[in-house]
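Report on the structure given below.
There are 2 protein chains.
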Amino acid sequence: MSLKRDPDSDRGTVRRILDTAEALFAEHGLQDTSIRQITQAAEVNLASVNYHFGSKENLAEAVFERAVARVTEKRRRDLAGVLAEARERGERPELTAIVSTFVEPYLGDGNDAQGTLMARFILLHRLSPSEATQRIVKTHLNPLAADYIAAFSLACPEIPANEMTWRYLLMASTVVLTATEDRSRDRIATLSRGKRSISDRAATRDALVRFVVGGIVAPVQGGFRPFPEP
Amino acid sequence: MSLKRDPDSDRGTVRRILDTAEALFAEHGLQDTSIRQITQAAEVNLASVNYHFGSKENLAEAVFERAVARVTEKRRRDLAGVLAEARERGERPELTAIVSTFVEPYLGDGNDAQGTLMARFILLHRLSPSEATQRIVKTHLNPLAADYIAAFSLACPEIPANEMTWRYLLMASTVVLTATEDRSRDRIATLSRGKRSISDRAATRDALVRFVVGGIVAPVQGGFRPFPEP
DNA sequence: TCACGTTTCAAACTCATGTTCGATTGAGTG
DNA sequence: CACTCAATCGAACATGAGTTTGAAACGTGA
Chain A
27 MSLKRDPDSD
37 RGTVRRILDT
47 AEALFAEHGL
57 QDTSIRQITQ
67 AAEVNLASVN
77 YHFGSKENLA
87 EAVFERAVAR
97 VTEKRRRDLA
107 GVLAEARERG
117 ERPELTAIVS
127 TFVEPYLGDG
137 NDAQGTLMAR
147 FILLHRLSPS
157 EATQRIVKTH
167 LNPLAADYIA
177 AFSLACPEIP
187 ANEMTWRYLL
197 MASTVVLTAT
207 EDRSRDRIAT
217 LSRGKRSISD
227 RAATRDALVR
237 FVVGGIVAPV
247 QGGFRPFPEP
Chain B
27 MSLKRDPDSD
37 RGTVRRILDT
47 AEALFAEHGL
57 QDTSIRQITQ
67 AAEVNLASVN
77 YHFGSKENLA
87 EAVFERAVAR
97 VTEKRRRDLA
107 GVLAEARERG
117 ERPELTAIVS
127 TFVEPYLGDG
137 NDAQGTLMAR
147 FILLHRLSPS
157 EATQRIVKTH
167 LNPLAADYIA
177 AFSLACPEIP
187 ANEMTWRYLL
197 MASTVVLTAT
207 EDRSRDRIAT
217 LSRGKRSISD
227 RAATRDALVR
237 FVVGGIVAPV
247 QGGFRPFPEP
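Keeping their order, the protein sequence lines are chains A and B. Under the working numbering, the first residue of the first sequence is numbered 27, with each subsequent residue one higher. Under the working numbering, the first residue of the second sequence is numbered 27, with each subsequent residue one higher.
Below, the structure written as structure tokens:
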């Protein structure tokens, strides 16, 4: 009866809307992107978003889920690669390599827009979680999180599993927010007067990985230290 | 001529708007808080926001600047206290104590709303910086950032100053995003099955400080490690 | 008491946005 | 060819938002 049962088979309007919306959401954010902007840039009719997706909210959900799934799949493959290679060598996996697989979708070459989009999604979920964001997190992010925590424990057995859960979340926080730093990049130049090379993308990535690895392998004793009150 | 030259002397409407807006911005965010919500909660007239502040944007600027200034002043005092106390003892300041002064306004007891508001401001500045946010960052945050970087170098002289700039920014990123974690706190419980005590606020703070200190003292050699591609 | 500037108030205005509607198109099908 | 139904299109609709307006209320100094 119907001409197309699977929306994914439509290589036209639906796909065009998704791609355009993804780019615009990454650039301007969800709230600051109107359906009119999307449909105009995608060269489709204004009503087509509501026709194909039902609402702007549903469109956003589809855009985010697609991006999250893409990132998660890449991470899963890369992480498995690191673990397999370590197993072959009969050694423990390198923490730096594990962390790098996590960082790559955010700060890897050419992943600028994708990283910003992911960051926007995470921040949206953190600051005003919805049914949709919770579902995406639970479906795509949480399972892989468990894998990462296990990998961390494999690479660094002296840290208790409890603590590793914390450190995974802290790593994720650091990476996400660092991915947004490009937009106020001048700040880095400001704080480190003149040294322009410091704000290279590769330098960002290296410093981030070092920092995160240091945080993960930190000794567990000692925490919040009260300081003198006047 | 005029009855009140200084808006700060008005302990009525202006102050009420600022306080109410601050609370609502922290709770729902800037975009999801309408002037009507603010004026209704503050029990003032709808038009009073535009009368006293000119626009919603100006109100937001005033709210954020007041909060940032408050946080910055507290940090400046606490940091100075830590450094002075170390100088008295003739020892290097403790990194943990320094980091704690930074974390306190976000995750200290009773600072929940303030921490969320600060986080929202930083994220706003990161994702869509404006003249106003840049001015506030430059005026209030950047000078203190230099002090923190210097303090880090004092506590940890083996790390080059360049690297410390990175690590300050990374610390700030981690702290900011961790301050937003309460809203999706169930995630921590989910990832660490059952162990409810792990999501205590004090535990969050301790784990955060350990992680950040570990990142700051991490050795500088080694960075992004390429991983096997299929 | 009167005049004057400031503040408050209710109401209206302007505008952008998400959404819906009815008509039209166009490819597939008997 | 006629029929069908998903897809597209232009236009209108409804609403929530920030802002503006002009009058009223208020306090203060001459």
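Ideal Cβ placement from N, Cα and C applies to all residues, glycine included.
Just to make sure I have the definition right: I need the residues of chain A whose C-beta is within less than 8 Å of the C-beta of B/Gln57. Which are they?
The residue labelled residue 57 of chain B in the question sits at position 31 within the second sequence. Simply Gln57.
To test your reading of the DSSP string, which unbroken alpha helix (DSSP H) runs of 4 or more residues are found completely within the region 72-154 of chain A?
For the region 72-154 of chain A, the continuous alpha helix (DSSP H) assignments of 4+ residues that do not extend past its boundaries occur at 74-79, 82-115, 121-133, 138-153, in sequence order.
Give the residues of chain A in contact with B/Arg146, contact being defined as C-beta atoms less than 8 Å apart.
For the purposes of this step, residue 146 of chain B is taken as residue 120 along the second sequence, with counting starting at 1. Ordered by position in chain A, the residues that pass the 8 Å Cβ test against B/Arg146 are Leu153.
Can you tell me which of B/Thr206, B/Ala158, B/Arg101 puts its alpha carbon nearest to the alpha carbon of B/Ala145?
Taking the second sequence and counting its residues from 1, one reaches residue 145 of chain B at position 119. Comparing Cα positions, the closest option is B/Thr206.
Report, in whole angstroms, the separation of the C-beta atoms of B/Val70 and B/Arg42, which I expect to be a contact under 8 Å.
Mapped onto the second sequence, residue 70 of chain B falls at position 44. Mapped onto the second sequence, residue 42 of chain B falls at position 16. Right, the Cβ-Cβ distance comes to about 6 Å (below 8 Å), so this counts as a contact.
Go through its chain and collect everything with a Cβ distance to B/Ile162's Cβ below 7 Å, but skip five positions before and after it.
For the purposes of this step, residue 162 of chain B is identified with residue 136 of the second sequence, where counting begins at 1. For B/Ile162, where only same-chain residues beyond five positions count, the Cβ hits under 7 Å are Phe90, Glu91, Val94.
Tell me the residue span of the alpha helix (DSSP H) that contains B/Glu189.
Walking along the second sequence from the start, residue 189 of chain B turns up at place 163. Under the DSSP assignment, B/Glu189 falls in the alpha helix (DSSP H) whose first and last residues are 187-205.
Chain A residues whose Cβ lies nearer than 8 Å to that of B/Ala233
Taking the first residue of the second sequence as 1, we reach residue 233 of chain B at position 207. Here the neighbours are Glu189, Trp192, Arg193, Leu196, Gly249.
Within chain A, partners of B/Thr200 - CB distance below 7 Å
For the purposes of this step, residue 200 of chain B is identified with residue 174 of the second sequence, where counting begins at 1. By Cβ distance, chain A contributes Leu196, Ser199, Thr200.
Are the beta-carbon atoms belonging to B/Gly134 and B/Met197 less than 8 Å from one another?
In the second sequence, counting from the first residue as 1, residue 134 of chain B sits at position 108. In the second sequence, counting from the first residue as 1, residue 197 of chain B sits at position 171. One thing to note: B/Gly134 has its Cβ no nearer than 8 Å to the Cβ of B/Met197.
Skipping 5 residues on each side, what residues in its chain have a beta carbon closer than 7 Å to that of A/Gly220?
Walking along the first sequence from the start, residue 220 of chain A turns up at place 194. With a pLDDT of 48 at A/Gly220, under the threshold of 50, the modelled position of this residue cannot be trusted; read the value that follows with caution. In its own chain, leaving out the 5 sequence neighbours on each side, no residue places its CB closer than 7 Å to the CB of A/Gly220.
I'd like to check one pair, A/Phe51 with A/Thr39: are the Cβ atoms closer than 8 Å?
Residue 39 of chain A sits at position 13 when you count from the first residue of the first sequence. Residue 51 of chain A sits at position 25 when you count from the first residue of the first sequence. No, Cβ-Cβ distance for A/Thr39 and A/Phe51 is not below 8 Å.
Against A/Gly240, what residues of chain B qualify as contacts under a CB-to-CB distance less than 8 Å, listed in chain order?
Counting from 1 along the first sequence, the entry for residue 240 of chain A is found at position 214. Those are Gly240, Gly241, Ile242, Val243, Ala244, Pro245, listed as they occur along chain B.
Return the first residue and the last residue of the alpha helix (DSSP H) that A/His54 is part of.
Along the first sequence, one-based indexing puts residue 54 of chain A at 28. Element bounds for A/His54: 39-54.
Hey, B/Glu120 and B/Asp104 are a contact pair by Cβ (cut 8 Å); roughly how many whole angstroms apart?
Here residue 120 of chain B refers to the residue found at position 94 when the second sequence is read from its first residue. Here residue 104 of chain B refers to the residue found at position 78 when the second sequence is read from its first residue. Your pair B/Glu120 and B/Asp104 does not check out as a contact, with CB atoms roughly 13 Å apart and the cut at 8 Å.
Can you find a C-beta in chain B that's less than 8 Å from the C-beta of A/Gly220?
If you number the first sequence from 1, residue 220 of chain A lands on position 194. With a pLDDT of only 48 at A/Gly220, under 50, the local geometry of the prediction cannot be trusted, and the value read off the model is given with reservation. Closer than 8 Å to the CB of A/Gly220 there is not a single CB belonging to chain B.
Assigned secondary structure, B/Val304 (DSSP; H/G/I helix, E/B strand, else coil)
Since the displayed chain B opens at 27 and closes at 256, residue 304 of chain B lies outside it and no answer follows.
Less than 8 Å between the C-beta atoms of A/Leu44 and A/Ala106, yes or no?
For this step, residue 44 of chain A is matched to residue 18 along the first sequence. For this step, residue 106 of chain A is matched to residue 80 along the first sequence. Not in contact: A/Leu44 and A/Ala106 (Cβ atoms no closer than 8 Å).
Buried or exposed by the 16-neighbour rule on C-beta atoms within 10 Å, applied to A/Asp226
What you label residue 226 of chain A is simply residue 200 of the first sequence in a count that begins at 1. Exposed, because fewer than 16 other Cβ atoms sit within 10 Å of the Cβ of A/Asp226.
Less than 8 Å between the beta carbons of A/Val199 and B/Gly55, yes or no?
Translated into the one-based positions of the first sequence, residue 199 of chain A becomes position 173. Translated into the one-based positions of the second sequence, residue 55 of chain B becomes position 29. Correcting the residue type first, residue 199 of chain A is Ser in the shown sequence and not Val. No, these two residues do not count as a Cβ contact at 8 Å.
Between the region 42-69 of chain A and chain B, which residues of the former have a C-beta closer than 9 Å to a C-beta of the latter?
Residues of the region 42-69 of chain A whose Cβ lies closer than 9 Å to any Cβ of chain B, in chain order: His54, Gly55, Gln57, Asp58.
I'd like to know whether the C-beta of A/Arg102 is nearer than 8 Å to at least one C-beta of chain B.
Within the first sequence, numbered from 1, the residue matching residue 102 of chain A stands at position 76. Closer than 8 Å: no.
Taking the C-alpha atoms as reference points, what is the distance between A/Phe79 and A/His151?
Start at 1 with the first residue of the first sequence, and residue 79 of chain A comes out as number 53. Start at 1 with the first residue of the first sequence, and residue 151 of chain A comes out as number 125. A direct Cα-to-Cα measurement between A/Phe79 and A/His151 gives close to 21 Å.
On the three-state DSSP scale, how would you describe A/Thr65?
Taking the first residue of the first sequence as position 1, residue 65 of chain A is located at position 39. A/Thr65 carries a helical assignment under DSSP once its states are collapsed to helix, strand and coil.
Could you check whether A/Thr46 and A/Ile64 sit closer than 8 Å to each other, using their CB atoms as the reference points?
Within the first sequence, residue 64 of chain A is the residue found at index 38, counting from 1. Within the first sequence, residue 46 of chain A is the residue found at index 20, counting from 1. Between A/Ile64 and A/Thr46, the gap from beta carbon to beta carbon is short of 8 Å.
Cβ-Cβ distance between A/Arg96 and B/Phe237 below 8 Å:
By one-based count along the first sequence, residue 96 of chain A stands at place 70. By one-based count along the second sequence, residue 237 of chain B stands at place 211. If you check the CB distance, A/Arg96 and B/Phe237 do not come in under 8 Å.
Do you know whose CA, among B/Gln66, B/Glu189, B/Thr142, lies nearest B/Glu53's CA?
Position 27 of the second sequence, counted from the first residue, corresponds to residue 53 of chain B. Nearest in C-alpha terms to B/Glu53, of all of B/Gln66, B/Glu189, B/Thr142, is B/Thr142.
Measuring straight from C-alpha to C-alpha, what distance separates B/Ala68 and B/Ile124?
Along the second sequence, one-based indexing puts residue 68 of chain B at 42. Along the second sequence, one-based indexing puts residue 124 of chain B at 98. A direct Cα-Cα distance of roughly 38 Å separates B/Ala68 from B/Ile124.
Check this for me: beta carbons of B/Ala49 and B/Ala139, under 8 Å apart or not?
Position 23 of the second sequence, counted from the first residue, corresponds to residue 49 of chain B. Position 113 of the second sequence, counted from the first residue, corresponds to residue 139 of chain B. In this structure, B/Ala139 lies closer than 8 Å to B/Ala49 by Cβ.
Mind listing the chain B neighbours of A/Arg227? Cutoff is C-beta to C-beta under 9 Å, in chain order.
The sequence position of residue 227 of chain A within the first sequence is 201, counting from 1. Listed along chain B is no residue with a C-beta nearer than 9 Å to that of A/Arg227; the closest approach is about 10 Å.
Neighbour list for A/Leu149 in chain B, Cβ cutoff strictly below 7 Å
Your numbering for residue 149 of chain A matches position 123 in the first sequence. Leu149, listed in chain order.
Check the Cβ of A/Arg113 against every Cβ in chain B and list those closer than 7 Å, keeping chain order.
What you label residue 113 of chain A is simply residue 87 of the first sequence in a count that begins at 1. Think of a sphere of 7 Å around the beta carbon of A/Arg113: no beta carbon from chain B falls inside it, the nearest being about 12 Å out.
Considering only C-alpha positions, which residue in the set B/Leu234, B/Lys82, B/Asn168, B/Gln66 is nearest to B/Thr98?
Locating residue 98 of chain B in the second sequence gives position 72, where the first residue counts as 1. Of the candidates B/Leu234, B/Lys82, B/Asn168, B/Gln66, B/Asn168 places its Cα closest to the Cα of B/Thr98.
Mind pulling the chain B residues with CB within less than 9 Å of A/Arg161?
Walking along the first sequence from the start, residue 161 of chain A turns up at place 135. Contact of A/Arg161 with chain B by beta-carbon distance below 9 Å is absent, the smallest such distance being about 13 Å.
Leaving aside the five residues before and after B/Ser74 along the sequence, list all residues of the same chain whose C-beta is less than 6 Å from its C-beta, in chain order.
Here the question's residue 74 of chain B lines up with position 48 in the second sequence. Spatial neighbours of B/Ser74 in its own chain (CB-CB distance under 6 Å, excluding positions within 5 residues in sequence) are listed in chain order as Thr39.
B/Thr159 lies in the alpha helix (DSSP H); which residues open and close that run?
Indexing the second sequence from 1 puts residue 159 of chain B at position 133. It spans 157-162 - the alpha helix (DSSP H) in which B/Thr159 sits, taken as one unbroken run.
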